[in-house]
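Enquirer: All letters in the sequence shown, in the order written, are residues 1054 to 1298 by the numbering used here.
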Amino acid sequence: MAINIQENRTSGVDLREKGKDERSDRPIYHDGRLYMQLLVFTGLNAKPQTLVRVMEKTGFCGALYSSLHDPKGIGLLTVSEDPRFFLTELQSFLHDSDFSRLQCRPDWTMIGRTYAIGYENDLIETLFERPRRYVCNPSWPWAIWYPLRRSGDFEHLSTDERRKILMEHGGIGRAYGRSDHAHDIRLACHGLDQNDNDFVVGLLSKDLHPLSAIIERMRKTQQTSRYLSSLGPFFVGYTLWQSSS
């Protein structure tokens, strides 16, 4: 199979996110994206409202979740266009605040970046505005976050075969979204994930059942049933705090 690498003659490999103008049908580009990181903690021995008050003063973009699986567990999702934020401002905050009393669970850490797949006509909406809006929507307090890795067999399928498989998967997600049952955030994490996963998925809803239902439905798709080599772990949380945007 030939490797198709798109190159720009003046600058080499083009790493910009690519979409398509719906009027001219010409490609559009944007050299930027959001990064999202979920950190999971345990050892909370006080009411979580203490952490809520701390988060309200930060000015960070993100959400704080109570863990469904751990009565002393917390999930902190933060969002930034600059990945250095997680190594500077966020780490300093965690060391100097009440979060320092908790035990971080690095094996549950998830991080990824927003991306475009080439057909989007509004890259700012796709890469920045929609993901922030979804994370910060108070109408969707339930969240499930999980990583996944596709099998090597998927990458050896033809372009048409991959497109059909992804259309099946995406069609289910759009149907749940139109019904306001579940809304998804998809992040690429190639080379960023400690377990070599490819993507991080966030599912958001007003209730827990639709999130379980859409995952159950996705099990029957070709992608999930035949072309995933790993899936999970699943962090299930309920929102305690959200930033305004």
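From the three backbone atoms N, C-alpha and C, an ideal C-beta is built for every residue, glycine too.
1. For the segment 1169-1222, which segments carrying the beta strand (DSSP E) assignment without a break, of at least 3 residues, lie completely within its bounds, in sequence order?
2. Select from Trp1193, Ser1077, Leu1117 the residue whose C-alpha is nearest the C-alpha of Trp1294.
3. Please specify which runs of the beta strand (DSSP E), each continuous and at least 3 residues long, are wholly inside the segment 1071-1102, giving them in chain order.
4. Considering only C-alpha positions, which residue in the set Leu1068, His1083, Phe1138, Asp1067 is nearest to Pro1074?
5. Give me the Cα-Cα distance between Asn1057 and Val1066, rounded to the nearest whole angstrom.
6. I need the straight-line Cα distance from Gly1165 to Cys1157, nearest angstrom please.
7. Take every Cβ of the segment 1123-1136, pair it with every Cβ of the segment 1212-1230, and state whether three or more of those distances are shorter than 8 Å.
8. Suppose the cutoff is 6 Å on Cβ atoms and the five residues either side in sequence are ignored; what does the same chain contact list for Ser1133 look like?
9. From the beta carbon of Gln1090, is the nearest beta carbon of chain D less than 8 Å away?
10. Would you decide whether Val1105 is buried or exposed? Buried here means 16 or more other CB atoms lie within 10 Å of its CB.
11. Do the segment 1210-1221 and the segment 1267-1283 make contact, defined as three or more Cβ pairs closer than 8 Å?
12. Can you grab the Cα-Cα spacing for the pair Ser1119 / Ser1077, in whole Å?
13. Nearest-angstrom Cα distance between His1243 and Thr1292?
14. Secondary structure at Arg1227, three-state DSSP: helix, strand or coil?
15. Do Gly1115 and Ser1296 have their CB atoms nearer than 8 Å?
16. Buried or exposed for His1236, going by 16 or more other Cβ atoms inside 10 Å?
17. Return the CA-CA distance between Val1093 and Arg1279, expressed in angstroms with no decimal places.
18. Check whether the segment 1145-1157 touches the segment 1177-1195, counting contact only when three or more Cβ pairs, one atom from each stretch, lie closer than 8 Å.
19. Is Tyr1199 closer than 8 Å to Val1254 when the C-beta atoms are compared?
20. Could you tell me whether the Cβ atoms of Leu1256 and Ala1196 are closer together than 8 Å?
21. Are Leu1201 and Leu1281 closer than 8 Å when you measure CB to CB?
Expert: On the basis of the coordinates in this document:
1. Complete beta strand (DSSP E) runs here, min 3: 1195-1203.
2. Here residue 1294 is taken as the residue at index 241 of the sequence shown, counted from 1. Cα-wise, what sits closest to Trp1294 is Leu1117.
3. 1080-1083, 1088-1095
4. By one-based count along the sequence shown, residue 1074 stands at place 21. The sequence shown places Asp at residue 1074, not Pro. It is His1083 whose Cα lies nearest to the Cα of Asp1074.
5. Sequence index remark: in the sequence shown, residue 1057 carries index 4 (1-based). Sequence index remark: in the sequence shown, residue 1066 carries index 13 (1-based). Caution applies to Asn1057, whose pLDDT of 46 falls short of 50 and renders its modelled position unreliable; the model cannot decide the point.
6. Start at 1 with the first residue of the sequence shown, and residue 1165 comes out as number 112. Start at 1 with the first residue of the sequence shown, and residue 1157 comes out as number 104. Approximately 19 Å between the Cα atoms of the pair.
7. With a cut-off of 8 Å on Cβ pairs, the segment 1123-1136 is not in contact with the segment 1212-1230, counting fewer than three such pairs.
8. Mapped onto the sequence shown, residue 1133 falls at position 80. Same-chain partners within the cutoff: Tyr1088.
9. The structure shown contains no chain D; it holds only a single protein chain.
10. Indexing the sequence shown from 1 puts residue 1105 at position 52. When all chains shown are included, Val1105 counts as exposed.
11. yes
12. As a working mapping, residue 1119 is identified with position 66 in the sequence shown. As a working mapping, residue 1077 is identified with position 24 in the sequence shown. Near 46 Å, if we compare the C-alpha coordinates of Ser1077 and Ser1119.
13. Within the sequence shown, the letter at position 190 stands for residue 1243. Within the sequence shown, the letter at position 239 stands for residue 1292. If you take the alpha carbons of His1243 and Thr1292, they lie about 27 Å apart.
14. Here the question's residue 1227 lines up with position 174 in the sequence shown. Three-state DSSP puts Arg1227 in a helix.
15. Position 62 of the sequence shown, counted from the start, is the residue given in the question as residue 1115. Position 243 of the sequence shown, counted from the start, is the residue given in the question as residue 1296. Taking 8 Å as the Cβ cut-off, Gly1115 and Ser1296 qualify as a contacting pair.
16. Taking the first residue of the sequence shown as position 1, residue 1236 is located at position 183. Burial call: buried.
17. By one-based count along the sequence shown, residue 1093 stands at place 40. By one-based count along the sequence shown, residue 1279 stands at place 226. The straight-line gap from Cα to Cα measures roughly 30 Å.
18. The segment 1145-1157, when compared against the segment 1177-1195, does not touch it at the 8 Å Cβ threshold.
19. By 1-based counting over the sequence shown, the position of residue 1254 is 201. By 1-based counting over the sequence shown, the position of residue 1199 is 146. Yes. Within cutoff.
20. As a working note, residue 1256 is residue 203 in the sequence shown. As a working note, residue 1196 is residue 143 in the sequence shown. The answer is yes: Cβ separation under 8 Å.
21. The residue labelled residue 1201 in the question sits at position 148 within the sequence shown. The residue labelled residue 1281 in the question sits at position 228 within the sequence shown. In this structure, Leu1281 lies closer than 8 Å to Leu1201 by Cβ.
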